[in-house]
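Going down the list, the sequences are from chains D and U. Using our numbering, the first residue of the first sequence is number 885, and each one after it goes up by one. Using our numbering, the first residue of the second sequence is number 885, and each one after it goes up by one. A virtual CB, placed ideally from N, CA and C, is assigned to each residue, including glycine. Remember, predicted model here, so these are calculated numbers, not experimental data.
There are 2 protein chains.
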Amino acid sequence: VFLSQMGWGDLGAFGEPSKETPNLDQMAAEGMLFLDFYSASPLCSPSRAALLTGRLPLRNGFYTTNGHARNAYTPQDIVGGIPDSELLLPELLKKAGYTNKIIGKWHLGHRSQFHPLRHGFDEWFGSPNCHFGPYDNRERPNIPVYRDWDMTGRYYEDFKIDLETGESNLTQLYLQEALDFISKQQASQQPFFLYWAIDATHAPVYASKQFLGTSQRGLYGDAVREIDDSVGKILRHLQQLGISENTFVFFTSDNGAALISAPKQGGSNGPFLCGKQTTFEGGMREPAIAWWPGHIPAGGVSHQLGTVMDLFSTSLSLAGLQPPSDRQIDGIDLLPVILQGKLIDRPIFYYRGNELMAVRAGLYKAHYWTWSNSWEEHGKGIDFCPGQSVAGVTTHTQEEHTHLPLLFHLGRDPGEKYPLSFASEEYQRAVENISELIQQHRASLLPAQPQLNVCDQAVMNWSPPGCEKLGKCLKAPESDPKKCSWPH
Amino acid sequence: VFLSQMGWGDLGAFGEPSKETPNLDQMAAEGMLFLDFYSASPLCSPSRAALLTGRLPLRNGFYTTNGHARNAYTPQDIVGGIPDSELLLPELLKKAGYTNKIIGKWHLGHRSQFHPLRHGFDEWFGSPNCHFGPYDNRERPNIPVYRDWDMTGRYYEDFKIDLETGESNLTQLYLQEALDFISKQQASQQPFFLYWAIDATHAPVYASKQFLGTSQRGLYGDAVREIDDSVGKILRHLQQLGISENTFVFFTSDNGAALISAPKQGGSNGPFLCGKQTTFEGGMREPAIAWWPGHIPAGGVSHQLGTVMDLFSTSLSLAGLQPPSDRQIDGIDLLPVILQGKLIDRPIFYYRGNELMAVRAGLYKAHYWTWSNSWEEHGKGIDFCPGQSVAGVTTHTQEEHTHLPLLFHLGRDPGEKYPLSFASEEYQRAVENISELIQQHRASLLPAQPQLNVCDQAVMNWSPPGCEKLGKCLKAPESDPKKCSWPH
């Protein structure tokens, strides 16, 4: 279960003050809560590419060199996508006989060579890009929804999202699709990998009619309640089919809550600093729950430093497969953590585009670069840290600290508000240790060709496969490739 | 169990990211979690006076008129204290045959007429003031620790607190005292009221040797762990004595975490704005747990708006007593909430000294005055909202909004960062409702004589009762009554 920009603080089990996620809280009570789990990027596409490849965006190409330390993703006019040279988790799982399905947002490129069924998935119901819109189908086409190889309609035309009321039944469609797939796989006794990548918590936030107005938190909370309810139904379905003890389920999110959209369309990062787009804790620390009845001791709590890339390695391990040996994999196998309560020593690298902004080792986090966003964007009302301003930390210019990194102790100071004194012994010791980790990291780092540099209006979803049958083909404008503009 | 400035976000059950409070989390899992529970003041003494009288500080005298909207408490040179005209919870419980004990911090005045044994308590082990120090016993005496009527020693002399290491065994002493009292009462089959008012989480924070260095959160976390462990021992003791089903236990705190002391000596207010001294949520929203096995359904969660004053009315109700009818009581009986899951409609009034700063009704909170602290104090490095700055909200001048209050929706925006538009219908409706509540509130409001206006060095703890036997009497300076200075 992979959420779109749900924040660390959005679940009752993580301290959300409305406590409206009984199913996810129950999942945590029956499974293991990860309190120190991270996305691979403070933005959606790179984080998703990292999850499916087990590799940092800098290695798999999901970054830009258009500017220093800029986040980039896959809007409609992006030319790039997941390179053929990357090995995706479903491609590998196939070798062990798994049937792989993606439900929801793909986000690894929408041109034909990037199609998920070309990269290991057997089935798809969902969209290649964010559900932004509605568009006019002239300047910009509405985003298609695919069933397997072909489009089956477009958002706002065939799949409604009411931007006034926030009503849409998409999560229900995605839920039914998941339940059906699970039933089918159980009936045929086939092992399966289901990547349930729903996006109701991504602006424009939506919920089904039955959930609208049910949350203390407004529309965002309605969406969370529907997702919570859906996860509960999926878990119960597994139990009713008698396969819960054979099914490993993991719940997490692709980046922190988008505070720029709060409070109506954005969630909560709890006690952490800033949100999506930043490499502060609020941008990359994620809610995370592992569930596997009969295997994971109920009520477990882990402080293992984990990342979405670990789900790649852990899934391979569960399938009895080895990770590819011809490339660097950043994920680690979490099974010893989950099943035996081990703690594996490993750092967390916080990248923003092409720059290593910060590193966490143990409870220490060192910032080598700080940046929330530019003064120019900030002046337009774009604020990734609303109500939060830590002098010298939430900077509006890109500030380099490579010679004297800003150091925080995340146990005493989870909110990154009190940098340690440069003169302290504690600072010296921690920074020395982290410097070594960076040297090791860089020694084996081979950045891929950046995939997110070039945009072209001609590559948008004008005529996706299957459009002819539906009479939904649109005329593409002439090709006009440009450097994409990534302001953050 | 009444904590000193523990924050809403300090327990695992409330989302603290280190999750180090297994006993309190277990208490919540077996009992009922209150997510919308408030202190009666953002400062210690007034909140404690309100708990024991069931009345707002403005009614029981625990406020100052030395300046507008200033917090005040009971330092050593305070002349005032709890008036004889106030009826305290233990005085009333006596009528039902209860034996009452206070362990820990009294804080309702230290002169002889304010002694807790004059106000209904039968036993006392603890101190009348905060454990600040060490003092020189010339300019200022060390704070005495009482056993019942007489002092039994002084902090830093007979009861050590090592300010370098943070080591002190005080919580262990207070724990043992609680266990012994409970055993004695159980043996004699006497009903009892135990007010366990510990202060290890109040700066200077301390913990026993066995807990030092055990927390991810530093010394503050060590103190929390020791308190968590102690509460676990008390609850297990009740169970082992077979009286847990006859004993109602409530856990909460007197004000929000003191962010001015963070991160080394202060806790966490989770997602809320600012801390102690302020009437933002971080200053007054408290962790709260009710526990009563066999009566409270396990795992309950309540959104009842509650206050520490409700513990007065609820305790009377549990003892089969009526609240006094000759005075206004602000507390309500929470038993219907706790036992039957009812929700009682009632507002929360946020006072700072003599001023009604804000009012909460349902999920709406209207600020009629805003003030964090003065520019002058802020310039000295005193910051009640470190890293947080919400334009027009966390003001450094006292800002009046009585004609156009700032309105927040605490469901969508628990952090008080996004005021509602003055022009919206939602604003109009909510403010109209709250205005009516204020009118009703003011109609019956009779402020008491302020007790916290006058300070005098002669009234300090120079020669507490029992000092002769210990050879610990000190010579008081001449009386020199002055207006106390309350900068915040």
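- By the rule that beta-carbons nearer than 9 angstroms mark a contact, Tyr1104 (chain D) touches chain U.
- With a threshold of 16 other beta carbon atoms within 10 Å, Thr1049 (chain U) falls short and is exposed.
- For chain U, the residues of the region 1272-1289 of chain D that bring a beta carbon within less than 9 angstroms of one of its beta carbons are Gln1272, Ser1273, Val1274, Ala1275, Val1277 and Thr1278, in chain order.
- Between the beta-carbon of Ile966 (chain D) and that of Gly988 (chain D) there is about 16 angstroms, and that puts the pair past the 8 angstroms contact cut.
- Distance from Leu1143 (chain D) to Gly1150 (chain D) at the Cβ level is roughly 6 angstroms; contact confirmed, criterion being Cβ atoms closer than 8 angstroms.
- Rounded to whole angstroms, the gap between the alpha carbons of Pro1348 (chain U) and Gly1295 (chain D) is 41 angstroms.
- Sequence-distant Cβ neighbours of His1280 (chain D) in its own chain, meaning closer than 7 angstroms and more than five residues away, are Ser1256, Asn1257, Ser1258, Trp1259 and His1262.
- The residues His1179 and Ile1180, in chain order, have a CB closer than 8 angstroms to that of Leu1223 (chain U) in the same chain once the five nearest residues on each side in sequence are set aside.
- The three-state secondary structure of Ser1258 (chain D), taken from DSSP, is coil.
- Close CB contacts of Leu942 (chain D) within its chain, under the 8 angstroms cut and outside five residues either way in sequence, are with Tyr1235, Asn1238, Leu1329, Pro1331 and Ala1332 (chain order).
- The three-state reading of DSSP puts Asp894 (chain D) in helix, counting H, G and I together.
- In the DSSP assignment, Leu935 (chain U) falls outside any beta strand (DSSP E) and within the unbroken alpha helix (DSSP H) covering Cys928 to Thr937.
- Among the residues facing chain D, Trp1255 (chain U) is not included, as its CB has no counterpart in that chain under 9 angstroms away.
- Residue pairing of Pro1028 (chain U) in beta bridges, as defined by DSSP: U:Arg1038.
- Burial state of Gly1271 (chain D) is buried, judged by a 10 Å Cβ sphere holding 16 or more other Cβ atoms.
- The C-beta of Pro1361 (chain D) comes no closer than 9 angstroms to any C-beta of chain U.
- Listed by position along chain U, the residues whose Cβ is nearer than 8 angstroms to that of Leu1247 (chain D) are Gln1100.
- Using a Cβ-Cβ cut-off of 7 angstroms, Tyr922 (chain D) is close to nothing in chain U; its nearest Cβ partner there is about 13 angstroms away.
- No Cβ-Cβ contact shorter than 9 angstroms links Pro1207 (chain D) with Gly1010 (chain D).
- For the region 953-1004 of chain D, the continuous alpha helix (DSSP H) assignments of 4+ residues that do not extend past its boundaries occur at 973-978, in sequence order.
- Not one beta carbon of chain U lies nearer than 9 angstroms to the beta carbon of Ala1307 (chain D).
- Rounded to whole angstroms, the separation of the alpha carbons of Ile1228 (chain U) and Lys1359 (chain U) is 53 angstroms.
- Chain-ordered, the chain U residues with CB closer than 7 angstroms to the CB of Pro1155 (chain D) read Gly893, Pro901, Ser1152, Gly1154 and Pro1155.
- For Ala1087 (chain U), the three-state secondary structure derived from DSSP is coil.
- Following the DSSP letters along the chain, one finds Ile1222 (chain U) inside the alpha helix (DSSP H) bounded by residues Leu1219 to Gln1224.
- Counting C-beta pairs closer than 8 angstroms gives fewer than three between the region 1181-1196 of chain U and the region 1305-1314 of chain U, which falls short of the contact rule.
- Here Pro1289 (chain D) is not near Ala1342 (chain D), since their CB atoms are 9 angstroms or more apart.
- In this structure Lys979 (chain U) is exposed. Its beta-carbon is surrounded by fewer than 16 other beta-carbon atoms within 10 angstroms.
- Residues of chain U whose Cβ lies closer than 8 angstroms to the Cβ of Leu1119 (chain D) do not exist; the shortest such Cβ separation is about 18 angstroms.
- By the Cβ rule, the region 912-921 of chain U does not count as touching the region 1123-1131 of chain U, because fewer than three pairs are nearer than 8 angstroms.
- Looking at the DSSP output, Leu919 (chain D) sits in no beta bridge, so it has no partner there.
- A residue is called buried when at least 16 other Cβ atoms come within 10 angstroms of its Cβ; Pro1012 (chain D) meets this threshold and is buried.
- The three-state secondary structure of Ile1111 (chain U), taken from DSSP, is helix.
- When C-beta distances to chain D are compared with 7 angstroms, the residues of the region 1166-1200 of chain U below that value are Val1185, in chain order.
- For the set U:Trp1176, U:Leu971, U:Leu977 and U:Gly1204, the Cα lying nearest the Cα of Asp1210 (chain U) is the one of U:Leu971.
- Measuring C-alpha to C-alpha distances from Gln1094 (chain U) to each of U:Val1243, U:Ala1084, U:Glu1110 and U:Gln1100 identifies U:Glu1110 as the nearest.
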